[in-house]
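Colleague: Taken in order, these protein sequences are the chains called F and X. Taking my numbering as reference, the numbering of the first sequence is continuous, increasing by one, and the terminal residue is 510. Taking my numbering as reference, the numbering of the second sequence is continuous, increasing by one, and the terminal residue is 1711. Using N, Cα and C, we set each Cβ at its ideal position, and we do this for glycine too. Just so it is clear, the structure is predicted and the values come from calculations on it, not from any experiment.
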Amino acid sequence: MSYFWRFTNYLDMNLKNWLVLTLIFSFSTSFGQDKRKIEFEEYDLDNGMHVILHEDHSTPIVAVTILYHVGSKNEKVGRTGFAHFFEHLMFEGTTNIERHNYDKHVERAGGTLNANTSQDRTFYFELLPSNQLEIGLWLESERLLHAKVENIGIETQREVVKEEKRQRVDNQPYGSLMYEVFRRAYKKHPYQWVPIGSMEDLDAAQEEDYVNFYRTFYVPHNATLSIAGDIDVEQTKKWVDMYFGTIPNGDKLDIYRDKEFLSLQAFQEKYDEMLKGRATSKDFVGDWHNDMPTEEFIDKYFPKVSEKPHEIPRPNIKEGLLEEQIRDTIFDNIQLPAVVMAYRTPELRHKDRFALDMLSMILSQGNSSRFSKNVVEKQQKALAAFAFPFGLEDPGIMISLAIANMGVDPAELEKSLNAEIKDLQENLISDEEFEKLHNMIESDFITSNSSMAGIAESLANNHVYLGSADLINTEIDSYMKVTKEDIRRVAKQYLKPSNSVVLYYLPKGE
Amino acid sequence: MKKVLLILLTIVSFGFGTIAQVVDRTKVPTPQPNPEININIPDVVTYENGLKVIVVEDHKLPQVSFQLFVDYPILKEGDKAGMASIFGELLGSGTENYPKDKFDAKVDYMGARVSTNSRGFFATSLKKHTPNLLEILSEVVTAPTFPEDEFDRIIKQTKSGLETEKSDPDAMARNVAATVNFGKDHAYGDIQTEETLDNITLEDIKSHYNKYFVPNEAYLVIVGDVTPEEADTYVKKYFLDWKKGAESKQETWDIPTYEGNNVFFVDKPGAVQSRITITHTIDLPPGHPDVIKLRLLNQILGGGSFSAHLMRNLREDKAYTYGCYSSISSDPLNAKFSAGGNFRNEVTDSAIVQILKEIEWMCNNLVDDDELRLVKNSMTGSFARSLEQERTLANFALNMARYDLPKDYYTKYLTRLEAITKEELLEVAKKYLQPENLNIIVVGNEDVAEKLEVFDTSGGMEFKDSYGNEKLKLKSAGDGVTAESIFKNYVYKRFSVSNEEEFNNVLKKIGYIQITYKGVLEQMGAEMYLTTYRGTPNKTASIMKIKSAQGNMTAQKEWFNGEAGGTFVAMQGKTKYEGEELEEKKQQNFPLKQLYYTKNPNINAELLGIDEVDGKEYYKIKISQEGEEEFGYEYYSVETGWLVMEETFTTDEEGNSITATVKYSDYQELKKGFMIPNKMTVLQGNMPIEFELAGATIKKKPKSKTFDGEF
């Protein structure tokens, strides 16, 4: 139930590990060229849910994951933080699983579970011994079909989320960085708030918000089930069909959930018209009280109800690059000043992403990278300096961040960082550097996706964000096509002052 | 063929979709038969120079990794704390044939990763680069150069890193736990500070390398797309030039003992959460039969799952925290138990109550059968999952060799886990956990401290600094010394008078004081001018101007003419004094505010005692105002009576505290006996701005347009 925020996650770690992590991030969606191909199958269920299966018997474990295509960018103004908060609530229980028991089922099965929420998605996973696959499918199908959201859970999880924010953002040096960058880098797009959102908004949420959110986004055609590990594909498909294929969609799913969560009276009122008076019949009331299975109940009273999926609302705001540099100073409980330079970049599907990823590698991957060698080592201006692309489904951000060495003025540090960027805008990188990039990409590509959980996640991400799960095998080609000129061009086009947010983090003091 | 098959399968699966499957959702699915878990722990091969090599084959990906672990004793570093870690970093900073730049370029060129540490290195690359990588690694071991400039840089950067740790509650709690649990004399009580880093020399690093970095104490772990034959060739070609050395013996240290529970508090101004660590030492060497039982016990008490007692109670039930965990480590010297997390300020004491309750519960109750079953399953699963990483097997082999574990330690691990009973758990809980002899460490806001005294058995809660040193209690100021006497002494001294009569005479001649200080912001290429105006009885004005190449600007203004006034802040605009603030401005304050502290009923001036800073003694007086959160300390030299420092603590809109420090020095006579500090230092975080006196005027009449806001 962690809150998915790549950057603050790095901050929990040693500074030194950052480079490695950013690197994993930038290429987590890529894979080996002439090496091991990741075989998988994918198909849609009738209700619109997408299924991806990858079979690998090297360890007797399986990763069961569901990616819901909903994140903080689907939130409304006044309800920021809702997607992440909802993720917390999705562990509270279902019609068939009592409160506090969801995770116990997984532990009893010898597995582990968690979830995370980003700007674009909410991702749930169970890692299980392979003989426990079915329970993973059952648990996830319960969450999709009829998760129960009750007041006691809402109250508790609201406080937990507040503690999460205090721990990760408020009480953490530089913890507010993403918040401060994103709120300035976007004027209209919902990326202007971060997944943790606003605590006031969470307090303001009403019951209908929960119902609407669940009905709008937790529906089969907004979900990608991705399974990787020691599985028998045939058996797995049977179970997937049994647990997920039988989940209705459209109006039928709404009625299904109402039947389970509304009181008889509320149900009668809501469907009075549709049932043309039958709602108060003895028969109806009897079936209701006798706990007739929901499917049967719907078949009997709503035989013609539509199963057509509802359309999922998504933000269609297109915000171009920034037109004027935004500069600001943040005073935080920190000891060393930091300089943040953030640039707006295109969306993940844009062709320039590859060149931008490579640009950030030149800047900060490895000890020989420009920032590390020059700014950190030679000039000793920074304790650490990084550049990493924060690719998102809609136009994203590339962030460079440097923490000043003791006694170094931020303005001086900014100058040094800018000098490195300027060089890349004016000059082509050397042949040797270019080869280095290719070798790094190849190495990252081959060695990433070494775990079942990672493979399941990459397949789902590629399918949802990029439109093809197979990019797990082929994306490296796009990197290899990037030229030195491309890298110089994107440096000029995106890393220009007018397209940037520059923040100085300074120690608090009067 | 395979493709055709895939298509067929897909069609079949759609077929299933059309057949309505009967599903009973109320039933928890039953598992399939248990999968087999294979554990093949590799052997250790010893070479002629004593190097022990462990090889784990994993041909899934074309990569090979190398880990070197030199198992020299755990060392006490004392006043050179941090030495081994500096050594570790410097180890990767260049070799004879690969100076730093070349080294980095070569490693990155291969897309390889190399990181060095105090006990060796970890390196990985694609198999096709392995020989080139080994070329470098071999030199890291036998021919590191320890360049001086890199040494200086690493020391400097480590110091900067320490700076960031000063505000990190986890690091603060870690330091205090280390010193409290193990004591300053123990290797585990070593704390890195700027001082200890300054004590380290390049010679120390070199002699550390010569003395301890020997192959006969080292393990080389090779994992990946490699056969034992290939591995053998690698070792022979690249690591046998490494010369054998003398082996060193492990020293041991006594650890402190405590009576009852003891509370240690570390003040973190502005904290919105309290970091609580509840801990004590235990005696638990690796491989001891109780290790696995305690691991199980810990899972139930405070493991990573949401159903562990601490998590269930403090997060899922009470919502005090995002996470609350415990840990029990095994260690060849001294191990420890620890529990805690981050909790919002208001529930700090309640959280401690609950954590203590949960620890005690474990010592008095048999755990539930269901729970035991659940945790055993969960641990079995976690053990199985860990095998996904081939490195796990390598670590098993390494541990077995290092700690001389029985041959079936890991292969029979699950069998032993399965056999543990709840009675055995209670037994180890009683044997190891000490709910009545705990160190309770809290890093947090000063406001929460007073509620914590009750947890200290003997009532003597100790205050610590962020390095785990005792925070000295203030000495008593001595008989006859009061806040009022200190203020009076200071004010008289400013006007070179010795009694009230003389002072009143001076006041007849001086009714207006104007002082300007100039500060240089070197790195910004700017100058800052700060001018204050004071007129009898309560007129004030001040202005802050910044002059730079970009032009001049007024950053702040403030004025009050006895009746009305206000402030101006650049980019925020003007605000008028109103209400209480206005009333407060009307209070008399000429010529020095200290004169009126004891007369103004809204101001509290409390003499705390004598504080020692850098070997000098100061009277420390707390100044606070009725109904205001803001407060401050004034420091007066015991020796000279001068005011030398003011600290102000205020809170911003988010509830975080802001600290400002102003230091005064070099008091000299301006004229007519009026003394004035010629130097002033304003501390903004860690960036001090030095000010020098740039001009001053004293007049009889309190006349100036500035009091009306006209500058």
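1) What does S1637(X) pair with, by DSSP beta-bridge criteria?
2) Please report how far the alpha carbon of L1643(X) lies from the alpha carbon of F1487(X), in whole angstroms.
3) CA-CA distance, T1598(X) and L1197(X)?
4) Are the beta-carbon atoms of S1274(X) and T1348(X) separated by less than 8 Å?
5) From the DSSP output, which residues share a beta bridge with N1342(X)?
6) Is it buried or exposed, S30(F), if we count other Cβ atoms within 10 angstroms and call 16 or more buried?
7) Excluding the 5 residues flanking N1298(X) on each side, which residues of the same chain have their C-beta closer than 7 Å to its C-beta?
8) From what residue to what residue does the beta strand (DSSP E) around W1559(X) run?
9) Between V219(F) and N249(F), how many whole angstroms is the CB-CB distance? I'm expecting something under 8 Å.
10) What is the DSSP secondary structure of Y1529(X), counted as helix, strand or coil?
11) Is E150(F) close to chain X, meaning its C-beta is less than 8 Å from at least one C-beta of that chain?
12) For the beta strand (DSSP E) holding T1252(X), just list the boundary residues, first then last.
13) Quick one: grab the DSSP three-state call for T94(F).
14) Kindly indicate which residue of K1336(X), L1294(X), T1536(X) has the alpha-carbon position closest to the one of T1421(X).
15) In terms of residue numbering, what span does the alpha helix (DSSP H) encompassing E1089(X) cover?
16) Output yes or no for whether 8 Å exceeds the beta carbon distance between N1377(X) and R108(F).
17) Considering only residues of the stretch 371-452 of chain F, which uninterrupted alpha helix (DSSP H) runs meet the minimum length of 4 residues and lie entirely inside it, listed in chain order?
18) Taking all protein chains shown into account, do 16 or more other C-beta atoms lie within 10 angstroms of the C-beta of E140(F), making it buried, or fewer, making it exposed?
19) Does the Cβ of E1150(X) have 16 or more other Cβ atoms within 10 Å, making it buried, or fewer, making it exposed?
20) Does the stretch 1236-1253 of chain X come within contact of the stretch 1206-1214 of chain X, defined as at least 3 CB pairs closer than 8 Å?
21) Could you check where the beta strand (DSSP E) with N1117(X) kicks off and where it finishes?
22) Should the stretch 1453-1469 of chain X be regarded as contacting the stretch 1389-1408 of chain X, the criterion being three or more beta carbon pairs within less than 8 Å?
23) Quick check: what's the CA-CA separation for E472(F) versus L503(F)?
24) Go through its chain and collect everything with a Cβ distance to P1537(X)'s Cβ below 6 Å, but skip five positions before and after it.
25) Just curious, the alpha helix (DSSP H) that S1485(X) is in, first and last residue?
26) Identify whether R327(F) lies in helix, strand or coil by the three-state DSSP scheme.
27) Does any residue of chain F bring its CB to less than 8 Å from the CB of K1060(X)?
28) With a threshold of 8 Å between beta-carbons, can S443(F) be considered close to chain A, or not?
29) When DSSP labels each residue in this structure, what does G511(F) get in the three-state scheme?
30) Considering only residues of the same chain and omitting the five flanking positions on each side of I421(F), which have a CB-CB separation below 6 Å?
31) Can G153(F) and L202(F) be called in contact, C-beta distance under 8 Å?
32) Can you name the start and end residues of the alpha helix (DSSP H) that D46(F) belongs to?
33) Identify every residue that forms a DSSP beta bridge with P507(F).
34) Assuming F1069(X) and L1356(X) form a contact by the criterion Cβ under 8 Å, report the distance between their Cβ atoms to the nearest whole angstrom.
35) How many Å lie between E269(F) and D251(F) at the Cα?
36) Find the nearest neighbour of D1283(X) within the set Q1434(X), K1663(X), Q1157(X), K1475(X), judged by alpha-carbon distance.
Modeller: On the basis of the supplied data:
1) Here residue 1637(X) corresponds to residue number 637 of the second sequence, with the count starting at 1. Looking at the DSSP output, S1637(X) sits in a beta bridge with Y1618(X).
2) The residue you call residue 1643(X) lines up with position 643 of the second sequence. The residue you call residue 1487(X) lines up with position 487 of the second sequence. In a straight line, the C-alpha of L1643(X) is about 9 Å away from that of F1487(X).
3) Here residue 1598(X) is taken as the residue at index 598 of the second sequence, counted from 1. Here residue 1197(X) is taken as the residue at index 197 of the second sequence, counted from 1. Near 46 Å, if we compare the C-alpha coordinates of L1197(X) and T1598(X).
4) In the second sequence, counting from the first residue as 1, residue 1274(X) sits at position 274. In the second sequence, counting from the first residue as 1, residue 1348(X) sits at position 348. Cβ distance < 8 Å, so S1274(X) and T1348(X) count as in contact.
5) Along the second sequence, read from residue 1 onward, the residue named residue 1342(X) stands at position 342. Answer is R1275(X).
6) If you number the first sequence from 1, residue 30(F) lands on position 30. In this prediction, S30(F) has a pLDDT of 34, which is less than 50 and means its spatial position is unreliable; what the coordinates show is noted afterwards. Burial call: buried.
7) Taking the first residue of the second sequence as 1, we reach residue 1298(X) at position 298. Contacts found: S1326, S1327, I1328.
8) Residue numbering aside, residue 1559(X) sits at position 559 when the second sequence is read from its first letter. Per DSSP, W1559(X) belongs to the beta strand (DSSP E) from 1551-1560.
9) The residue you call residue 219(F) lines up with position 219 of the first sequence. The residue you call residue 249(F) lines up with position 249 of the first sequence. About 6 Å; that satisfies the 8 Å criterion.
10) Taking the second sequence and counting its residues from 1, the one referred to as residue 1529(X) is at position 529. Strand.
11) The residue given as residue 150(F) occupies position 150 in the first sequence. No, E150(F) lies away from the interface with chain X (no Cβ there is under 8 Å from its Cβ).
12) Position 252 of the second sequence, counting from 1, holds the residue named residue 1252(X). Note, T1252(X): premise wrong, no beta strand (DSSP E); not H, not E.
13) For this step, residue 94(F) is matched to residue 94 along the first sequence. T94(F): strand per DSSP, three-state reduction.
14) By 1-based counting over the second sequence, the position of residue 1421(X) is 421. Ranking K1336(X), L1294(X), T1536(X) by Cα distance to T1421(X) puts L1294(X) first.
15) Mapped onto the second sequence, residue 1089(X) falls at position 89. Note, E1089(X): alpha helix (DSSP H), 1083-1091.
16) Walking along the second sequence from the start, residue 1377(X) turns up at place 377. Walking along the first sequence from the start, residue 108(F) turns up at place 108. Yes, the pair counts as a contact, with Cβ atoms nearer than the cut-off.
17) Given a length threshold of 4 residues, each whole run of the alpha helix (DSSP H) inside the stretch 371-452 of chain F is given here in chain order: 410-426, 431-447.
18) Your numbering for residue 140(F) matches position 140 in the first sequence. Buried is the call here.
19) For the purposes of this step, residue 1150(X) is taken as the residue at position 150 of the second sequence. Buried: at least 16 other Cβ atoms inside 10 Å.
20) yes
21) As a first step, residue 1117(X) is located in the second sequence; it is residue number 117 there, counting from the start. 1113-1117 is the extent of the beta strand (DSSP E) around N1117(X).
22) no
23) Within the first sequence, the letter at position 472 stands for residue 472(F). Within the first sequence, the letter at position 503 stands for residue 503(F). Sequence check: residue 472(F) is Ile here, not Glu. Their backbone Cα atoms lie some 36 Å apart in a straight line.
24) Here residue 1537(X) is taken as the residue at index 537 of the second sequence, counted from 1. The answer, listed in chain order, is Q1588, F1590.
25) Locating residue 1485(X) in the second sequence gives position 485, where the first residue counts as 1. Counting along the chain, the alpha helix (DSSP H) containing S1485(X) begins and ends at 1483-1494.
26) One-based indexing of the first sequence puts residue 327(F) at position 327. Looking at R327(F) - three-state DSSP - the assignment turns out to be strand.
27) By one-based count along the second sequence, residue 1060(X) stands at place 60. Chain F, which has a Cβ nearer than 8 Å to the Cβ of K1060(X), makes this yes.
28) In the displayed structure, chain A is absent; the protein chains listed are F and X.
29) Any question about residue 511(F) goes unanswered here, given that chain F covers just 1 to 510.
30) Translated into the one-based positions of the first sequence, residue 421(F) becomes position 421. Taken in chain order, the residues that qualify are L495.
31) Locating residue 153(F) in the first sequence gives position 153, counting from the first residue. Locating residue 202(F) in the first sequence gives position 202, counting from the first residue. No, they are not a contact pair.
32) Your numbering for residue 46(F) matches position 46 in the first sequence. Here D46(F) belongs to no alpha helix (DSSP H), and DSSP marks it neither H nor E.
33) Stepping through the first sequence from its first residue, residue 507(F) is reached at position 507. Beta-bridge pairing links P507(F) to D332(F).
34) Within the second sequence, numbered from 1, the residue matching residue 1069(X) stands at position 69. Within the second sequence, numbered from 1, the residue matching residue 1356(X) stands at position 356. In fact, because the Cβ distance is near 38 Å, the residues do not count as touching under 8 Å.
35) The residue given as residue 269(F) occupies position 269 in the first sequence. The residue given as residue 251(F) occupies position 251 in the first sequence. If you take the alpha carbons of E269(F) and D251(F), they lie about 16 Å apart.
36) The residue you call residue 1283(X) lines up with position 283 of the second sequence. Looking at the Cα atoms, Q1434(X) is the closest of the given residues.
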